[in-house]
Structure formats: structure tokens, C-alpha cells
Amino acid sequence: MNKKLDDIFRRMFAAFGPQHWWPGESPFEVMVGAVLTQNTNWGNVERAIGRLKQEGILSPRAIYEIPLSLLSSYIQSAGYYNIKAGRLKNLISFFVEEYETDTEKMFAEDTESLRQKLLAIKGIGPETADSILLYAGHKPTFVVDAYTQRVMSRHLLIAEDADYEEIRAFFMDRLPPDAALFNEFHALFVKMGKTYCKKNIPLCQDCPLNGL
DNA sequence: TGCCAGGCCGGGT
DNA sequence: ACCCGGCATGGC
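Using the numbering used here, the first residue of the first sequence is number 1, and each one after it goes up by one.
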């Protein structure tokens with residue numbers, strides 16, 4: 001394990017402790033949440049998932065069959081509901097048609113080839129794909145998000161303009177392929193970004209990563 | 001009140 | 001290959 005990354009992980013873990021991600025009850029629920037949380041506060045997503053449960057349609061077949069307009073009305077609280085309803089349909093159609101609603105079957109596939117298939121779905125970008133692979137499938141792929149980018153660049157650990165694949169490779173080239181480690185690492189970056197490393201506060205006061 | 005939130009797509013340069 | 005506008009709700 002790379003020394004600097006080990007240090008970063010240890011400091012964040014010491015400051016915040018285990019984050020217990022992903023806060024979903026099943027691999028399928030994680031897949032749904034991964035789409036709904038795109039650029040959206042998790043609290044709004046939880047409300048939408050609660051509504052889907054309440055309506056009794058938090059299942060692959062139900063979402064596969066429900067009319068688009070009805071689905072979008074149920075997920076309204078998650079924002080971008082018209083867009084997301086379509087994206088959910090795209091993902092679930094793939095899941096139902098290729099794997100017969102069987103997550104075990106889907107995640108038995110080679111990680112890299114499944115990643116490419118997910119990325120080919122309209123509405124599934126790199127972060128959503130990696131979130132599904134890591135948090136629903138326990139596959140060792142590193143999830144990058146706006147928080148990761150901000151924390152790492154603000155502390156001069158990566159270039160300001162590094163893109164998604166660059167940042168992902170930065171971590172995966174330096175860490176063992178350990179899904180539990182990647183899980184906690186990403187969740188800790190999110191916690192960091194919400195507490196010390198906020199967007200509108202350029203200086204991270206009392207930040208656990210100061211003086212690296 | 002305005003800004004932000006666990007992105008991604010499509011059209012224009 | 002970038003850059004940007006659009007998508008939308010709810011919390012602080």
C-alpha cells in the first residue's frame with residue numbers, strides 16, 4: 001500500500017470512523033440509489049426510495065413494467081425526476097433482459113467487461129457505474145466523485161484538472177484491489193467534503209489532511 | 001435568500 | 001477534445 005494514500009486513509013478514518021456505506025438494504029436497492037443520487041443530496045434520494053417501497057414497486061420487474069410518467073412522479077423528491085426515471089428504466093431494462101433480475105449472475109461477470117456494459121447505458125456515467133460495481137457488487141473498483149476531486153486537488157495531491165479516469169487510476173495503481181478498503185475510502189472522502197473541505201470555504205481549517 | 005447536493009447528456013465550438 | 005446549458009428537489 002502506497003504510504004501517502006495509507007496516511008490519508010488513516011487520518012480520515014481516525015477523524016470520522018467507519019461510514020457504513022452503502023446505506024441500502026439490497027444490491028438492487030443500491031443500483032436504484034446510485035442513479036437517484038446523481039448530483040443530489042442523499043436525503044432526497046431516501047425519500048424517493050421510501051416512496052417506491054410504499055408503492056410496492058422497488059423490484060426489478062415492477063420498475064421494468066411501470067409507465068415512465070408514473071415512475072417519475074414517485075421519484076420526484078430526488079430531483080431531475082424526468083431524466084432519472086428514464087435512466088432508471090435504461091439500467092433496469094439491461095438488468096432484467098441480460099441477467100433475468102439476478103444480481104449474482106450480473107456480478108459474476110468480469111469486472112472490467114461489466115463496467116464497459118454499464119457505461120454503454122444512457123444515463124450511467126463512470127461514477128454511477130463504479131458505485132454499482134463497488135457498493136452493490138463488492139467489486140474492487142475505485143469510485144471518484146466531486147468530493148474526491150476537491151479534497152485531493154485542494155491538498156495538492158492530484159492535478160486540479162485531472163479527469164475521472166485519471167483520478168481513478170491514481171488510486172487503483174497505488175492500492176491493493178480491496179473492495180472493503182475502496183468502500184471506506186470513498187465514503188470518507190464524501191464525509192471530508194461535507195465537513196472540512198467544503199466547496200465555498202477554500203481553506204480547510206482543522207482539516208485532518210493538513211500538513212501531509 | 002442563494003448555494004449546494006454522492007452526474008450525465010447533447011449540442012456547439 | 002473540451003466547454004456549457006439543462007435537468008429539479010429540499011436543506012441549511
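All residues carry an ideal CB built from backbone N, CA and C; glycine is no exception.
- Taking a contact to require three or more Cβ pairs closer than 8 Å, the segment 143-151 and the segment 111-121 do not qualify as touching.
- Annotation: lysine 89 to asparagine 210 spans about 43 Å, alpha carbon to alpha carbon.
- Note that the segment 5-21 touches the segment 181-199; at least 3 beta-carbon pairs, one per stretch, sit closer than 8 Å.
- Per DSSP, tryptophan 42 is one residue of the alpha helix (DSSP H) stretching across 42-54.
- Straight across, the Cα-Cα distance linking lysine 198 with arginine 154 is about 10 Å.
- Scanning the segment 95-137 for uninterrupted beta strand (DSSP E) segments of 3 residues or longer gives nothing; none is fully contained.
- For isoleucine 8, the enclosing alpha helix (DSSP H) covers residues 3-16.
- Within its own chain, the residues whose Cβ lies closer than 6 Å to the Cβ of methionine 152, once the five positions on either side in sequence are excluded, are Ile158, listed in chain order.
- In terms of Cβ geometry, phenylalanine 94 and leucine 58 do not form a close pair [threshold 9 Å].
- For arginine 150, the enclosing alpha helix (DSSP H) begins and ends at 146-154.
- When the Cα atoms are used, arginine 11 and alanine 120 turn out to be separated by approximately 37 Å.
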